[in-house]
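Take a look at the structure below.
Protein chains: 2
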Amino acid sequence: MRILRALFRPVALAALLVSGTAASGSASHAAEARKVIVDDDGSGIAEWMLLQAPNVDVLGITILSGDVWRDEGVAHALRAVEIAHRTDVPVLRGAVYPLLNSEKLTDRWEALYGKLVWKGAWMKKWVEPTVQSTPPYHAPDVVPHLPEGDPTIKASDEPAVMFMIRKVHEFPGQVTIVATGPMTDLALAQRLDPSFASLAKELVYMGGSLNPQQVRPDVAAAQFAREFANSPRREFNFRFDPEAASIVLRAPWRHIVAVPADPSTATELTPEFLHKLAAANPAFAGTISKREPGFPLWDEIAAAVWLDPSLITRSEELYVDVNSQFGAGYGDTLSWTPGYQPDLDEQRETVVRTIDAPKLEAFITSLLARPLPNLSPK
Amino acid sequence: MRILRALFRPVALAALLVSGTAASGSASHAAEARKVIVDDDGSGIAEWMLLQAPNVDVLGITILSGDVWRDEGVAHALRAVEIAHRTDVPVLRGAVYPLLNSEKLTDRWEALYGKLVWKGAWMKKWVEPTVQSTPPYHAPDVVPHLPEGDPTIKASDEPAVMFMIRKVHEFPGQVTIVATGPMTDLALAQRLDPSFASLAKELVYMGGSLNPQQVRPDVAAAQFAREFANSPRREFNFRFDPEAASIVLRAPWRHIVAVPADPSTATELTPEFLHKLAAANPAFAGTISKREPGFPLWDEIAAAVWLDPSLITRSEELYVDVNSQFGAGYGDTLSWTPGYQPDLDEQRETVVRTIDAPKLEAFITSLLARPLPNLSPK
Chain A
75 MRILRALFRP
85 VALAALLVSG
95 TAASGSASHA
105 AEARKVIVDD
115 DGSGIAEWML
125 LQAPNVDVLG
135 ITILSGDVWR
145 DEGVAHALRA
155 VEIAHRTDVP
165 VLRGAVYPLL
175 NSEKLTDRWE
185 ALYGKLVWKG
195 AWMKKWVEPT
205 VQSTPPYHAP
215 DVVPHLPEGD
225 PTIKASDEPA
235 VMFMIRKVHE
245 FPGQVTIVAT
255 GPMTDLALAQ
265 RLDPSFASLA
275 KELVYMGGSL
285 NPQQVRPDVA
295 AAQFAREFAN
305 SPRREFNFRF
315 DPEAASIVLR
325 APWRHIVAVP
335 ADPSTATELT
345 PEFLHKLAAA
355 NPAFAGTISK
365 REPGFPLWDE
375 IAAAVWLDPS
385 LITRSEELYV
395 DVNSQFGAGY
405 GDTLSWTPGY
415 QPDLDEQRET
425 VVRTIDAPKL
435 EAFITSLLAR
445 PLPNLSPK
Chain B
75 MRILRALFRP
85 VALAALLVSG
95 TAASGSASHA
105 AEARKVIVDD
115 DGSGIAEWML
125 LQAPNVDVLG
135 ITILSGDVWR
145 DEGVAHALRA
155 VEIAHRTDVP
165 VLRGAVYPLL
175 NSEKLTDRWE
185 ALYGKLVWKG
195 AWMKKWVEPT
205 VQSTPPYHAP
215 DVVPHLPEGD
225 PTIKASDEPA
235 VMFMIRKVHE
245 FPGQVTIVAT
255 GPMTDLALAQ
265 RLDPSFASLA
275 KELVYMGGSL
285 NPQQVRPDVA
295 AAQFAREFAN
305 SPRREFNFRF
315 DPEAASIVLR
325 APWRHIVAVP
335 ADPSTATELT
345 PEFLHKLAAA
355 NPAFAGTISK
365 REPGFPLWDE
375 IAAAVWLDPS
385 LITRSEELYV
395 DVNSQFGAGY
405 GDTLSWTPGY
415 QPDLDEQRET
425 VVRTIDAPKL
435 EAFITSLLAR
445 PLPNLSPK
């Protein structure tokens, strides 16, 4: 790593100037495309938003376990780039397992502290009747056939974590990480290379929960409110790998934007919105029309506020960490108004509290409506 | 990783047969040298023992932070291979920081639960008067001049963790890891590649503490007994990175040999023993004569029992894990007689309880006395 670090020094200032220039122009007029790596536990509309956005260079899509096991998530991401005619964007395999958490530990935790609403890759069934389907429970290396069709292209052979490290060294101060799953990959990258976070331009993540309130009146919104009704500080991405999240949130990033569960309660992938999206672009229509409605737009908010910060209607500056003690609060979000933080390397973050939901829907629709590049679809 | 895993399958059986053949012959008659990677937080006599041992192929020496910061440890290891005329053996850079533990967290922990006797890279001073010197406190990237002379060769550019993963795939079922420092590197390797541990031949580690008793009557032995007198389950390698140790000890290794602090209390690097070692081989004499006496032979026992298991006078089969709760017992060794383990993936280990100390001294002396290879020294 030392050689890479030595290489970085002479380049750094120039790189920062370039990045400064790009940031000062509007996205569509900047000379250089904004570089981003998406680190996700599956693949959805958020990836398409970033792939379709003007003046954005998606360097790669890295996939780790979370909502589904990594290999299933990789298949979704491969299919997503095929559908978007963006097979030039590599899909890379990240972590299969969280650092310390496991299915067995989750069972023991639930036996002590009560049932989790959502458990991701090792979810077996909802506790209460729920309109959302439960993804089939299977082993980590099983990849079920995908509703959107199975991909024909393959993932890169480079491990996701090494790819991330390589890219922040190649483009120091220029790479944004949009992280919308658990933080295992990012924690591994930071511990493999202590300069990783400080070489990135910024981290934009979906994770954590401060004090979400149910906003929408429908059944799906009421059911998703189960996740925070009795546990306002619990959120799946942090809870799936609390130790990784704590490592990442205490790393020396230059800039962090956090999208906790809070702003997502104003949003929903309604049948009407899905319909609008399907109508916007025939290329995505087939897949979009197979999507299950009802979900809040978690990851889409993270992608959107990076692409257009004017979607944020309220944010605040907080220090954030994650409870990594295996007790009742395991994985809970910890946050402090500046001055109250314990000073254990936790970082100041711009935490998005509310967003403009109608503007977000219009923004997503406009991105998906853009014509696809002429790369031959697979 | 999937490609590597696919490659592994057809090779595995043949590899096991080869390895079985080697194990059934005596070390000096086996057709193939026993492959080993040493993962250490510095470099000492243990590395020379392995480099000098007949029929042993040291694939590489990987260094991480622990007793000293990684970069200082790397310098020692580079100098060690120079002195041993083994600059053909690569030295690789591992983790600089533990997963979650840090100097700041250690300060807070001590303020709650009392002072640690030894703190490694962030040790500032002994609590009580102690005959052992305190290594100078410095930043992670500072490398002081070495008493044995500074190395002129450089470390490999390949990250230690990637090297380890690459080697267990290249020689499936054949590589022993002798780990004599904290377990950060091994934890990163296991989470980067879930097949890592199961592809290695075995793990032989120095770490943990069951119930050590002071055996030797001298001052140094009494002072080192401070480490376990009031905390029999605390040992530095586990305590420096408890989360990493827990990840590693719950990974699916084929075979684990543990060397806790317990057998080390019968051993000591006395002035007389150092004298004997210096006299055994002029190549090592200069460095050996600069070594501070008084230390138990921690890492040397791990190297020795792998080279010659007949040095073990008592061992037992136990399940072992590490307390990763940030409370009074943070980093403490957890162990269970088979049947009592919680079944959270902790593994059965052969735990060395006592060794034949005089035979160990003679064995170390005989290894160091062997002539050096004819590679030109640097």
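As given, the protein sequences belong to chains A and B, one line each in that order. Residue 214 in our numbering sits at position 140 of the first sequence; the count goes up by one each step and never skips. Residue 274 in our numbering sits at position 200 of the second sequence; the count goes up by one each step and never skips. Yeah, the Cβ is synthetic: ideal placement off N, Cα and C, and Gly gets one too.
Legend entry - Members of the region 250-262 of chain B that neighbour chain E once the beta carbon cut-off is set at 8 Å: Chain labels in this structure do not include chain E; the protein chains are A and B.
Inset, instruction - Thinking A107/B and D131/B are a contact (beta carbons under 8 Å), I'd like their distance in whole angstroms, please. - result: Yes, A107/B and D131/B are in contact; Cβ-Cβ is about 4 Å, under 8 Å.
Legend entry - Cβ neighbours of R300/B in the same chain (closer than 8 Å, five flanking residues each side left out): So the list reads V191, E202, once near-sequence residues are dropped.
Legend entry - the region 209-227 of chain A contacting the region 278-294 of chain A, beta-carbon criterion three pairs below 8 Å: Verdict: no, contact absent.
Inset, instruction - Check whether the Cβ atoms of W121/B and A154/B sit closer than 8 Å, and answer yes or no. - result: Note on residue identity: the sequence assigns Glu, not Trp, to residue 121/B. The answer is yes: Cβ separation under 8 Å.
Legend entry - Helix, strand or coil at G147/B [DSSP, three-state]: Correct three-state label for G147/B: helix.
Legend entry - C-beta neighbour in chain B for L266/A, strict 8 Å: Residue-level contact check: L266/A touches chain B, since one or more beta carbons of chain B fall below 8 Å from its beta carbon.
Legend entry - Selected residue, minimal CA-CA separation from P412/A, among L392/A, A319/A, P316/A: For P412/A, the closest of L392/A, A319/A, P316/A by C-alpha to C-alpha distance is L392/A.
Inset, instruction - Using DSSP bridges, identify the partner residues of R108/B. - result: R108/B is bridged to V130/B.
Inset, instruction - State yes or no: is the beta carbon of K178/A nearer than 8 Å to at least one beta carbon in chain B? - result: Under the Cβ criterion of 8 Å, K178/A is counted among the residues facing chain B.
Inset, instruction - Output yes or no for whether 8 Å exceeds the beta carbon distance between A512/B and L441/B. - result: Limits of chain B in this structure are 75 at one end and 452 at the other, which puts residue 512/B out of reach.
Inset, instruction - State yes or no: is the C-beta of R290/A within less than 8 Å of the C-beta of Y171/B? - result: Contact: no.
Legend entry - chain A contact for P383/B (CB, 8 Å cutoff): Not closer than 8 Å to any Cβ of chain A, the Cβ of P383/B fails to qualify, so no.
Inset, instruction - Tell me where the alpha helix (DSSP H) around S320/B begins and ends. - result: Its alpha helix (DSSP H) spans residues 316-323.
Inset, instruction - Say whether the region 245-258 of chain B touches the region 133-145 of chain B, bearing in mind that this needs 3 or more beta-carbon pairs closer than 8 Å, one atom from each stretch. - result: Here the region 245-258 of chain B makes contact with the region 133-145 of chain B; the two share three or more CB pairs at distances below 8 Å.
Legend entry - Complete runs of the beta strand (DSSP E) confined to the region 260-284 of chain B [at least 3 residues]: Fully enclosed beta strand (DSSP E) runs of 3 or longer: 276-280.
Legend entry - Validate contact between the region 329-348 of chain A and the region 180-194 of chain A using beta carbons, cut 8 Å, 3 pairs: The answer is no - the region 180-194 of chain A does not touch the region 329-348 of chain A, with fewer than three Cβ pairs under 8 Å.
Legend entry - Residue burial classification, R167/A (beta-carbon count within 10 angstroms, cutoff 16): Buried.
Legend entry - Cutoff 8 Å: S230/A Cβ touching any chain B Cβ: No, its Cβ sits nowhere closer than 8 Å to a Cβ of chain B.
Inset, instruction - Kindly indicate which residue of V322/B, K433/B, D406/B, P367/B has the alpha-carbon position closest to the one of V293/B. - result: Residue P367/B is the option with its Cα nearest to V293/B.
Inset, instruction - Leaving out five residues on either side along the sequence, give the residues of the same chain with a beta carbon under 8 Å from the beta carbon of Q206/B. - result: Excluding residues within five positions, the ones whose Cβ falls inside 8 Å are W200, A294, Q297, E366, G368, F369.
Legend entry - Cβ contact check for the region 249-262 of chain B and the region 304-321 of chain B: 3 or more pairs under 8 Å: Yes, the region 249-262 of chain B touches the region 304-321 of chain B.
Inset, instruction - Would you mind telling me which residues of chain A sit closer than 8 Å to V235/B, beta carbon to beta carbon, in chain order? - result: The contacting residues are L266.
Inset, instruction - May I ask you to report which of helix, strand or coil DSSP gives T226/B? - result: Correct three-state label for T226/B: coil.
Inset, instruction - Using alpha carbons as the reference points, say which of D382/B, Y404/B, N175/B, Q421/B lies closest to K433/B. - result: Nearest in C-alpha terms to K433/B, of all of D382/B, Y404/B, N175/B, Q421/B, is D382/B.
Legend entry - In DSSP terms, what V379/A is bridged to: Paired residue(s): none; V379/A is not in a bridge.
Inset, instruction - Report back the beta-carbon spacing between V331/A and T407/A to the nearest angstrom; my notes put them in contact at under 8 Å. - result: By a beta-carbon distance limit of 8 Å, V331/A does not contact T407/A. Their separation comes to about 15 Å.
Legend entry - Boundaries (first-last residue) of the beta strand (DSSP E) holding Q287/A: Per DSSP, Q287/A belongs to no beta strand (DSSP E) and is neither H nor E.
Inset, instruction - Return the CA-CA distance between A185/B and P306/B, expressed in angstroms with no decimal places. - result: Rounded to the nearest angstrom, the two C-alpha atoms are 20 Å apart.
Inset, instruction - Report yes or no: is there a C-beta of chain B within less than 8 Å of the C-beta of Y171/A? - result: Proximity of Y171/A to chain B, defined by a Cβ-Cβ separation below 8 Å, is satisfied.
Inset, instruction - Determine the direct distance from the alpha carbon of L125/A to that of R160/A, and round the result to whole angstroms. - result: Cα to Cα, the separation comes out at about 7 Å.
Inset, instruction - Could you tell me if Y404/B is buried or exposed, where buried requires 16 or more neighbouring beta carbons within 10 angstroms of its beta carbon? - result: Y404/B is buried by the Cβ-count criterion.
Inset, instruction - Give a yes or no on whether the C-beta atoms belonging to M238/A and I111/A are separated by under 8 Å. - result: Contact flag set, yes.
Legend entry - Continuous alpha helix (DSSP H) stretch holding D181/A: start and end: Looking at the DSSP string, the run of the alpha helix (DSSP H) that includes D181/A is 177-187.
Inset, instruction - Evaluate Q287/A with the Cβ neighbour count: other Cβ atoms within 10 Å of its Cβ, from every protein chain shown; 16 or more gives buried, anything less gives exposed. - result: Q287/A is exposed by the Cβ-count criterion.
Inset, instruction - Check the Cβ-Cβ distances between D419/A and every residue of chain B, and say whether any is below 8 Å. - result: Yes, D419/A counts as interfacial toward chain B.
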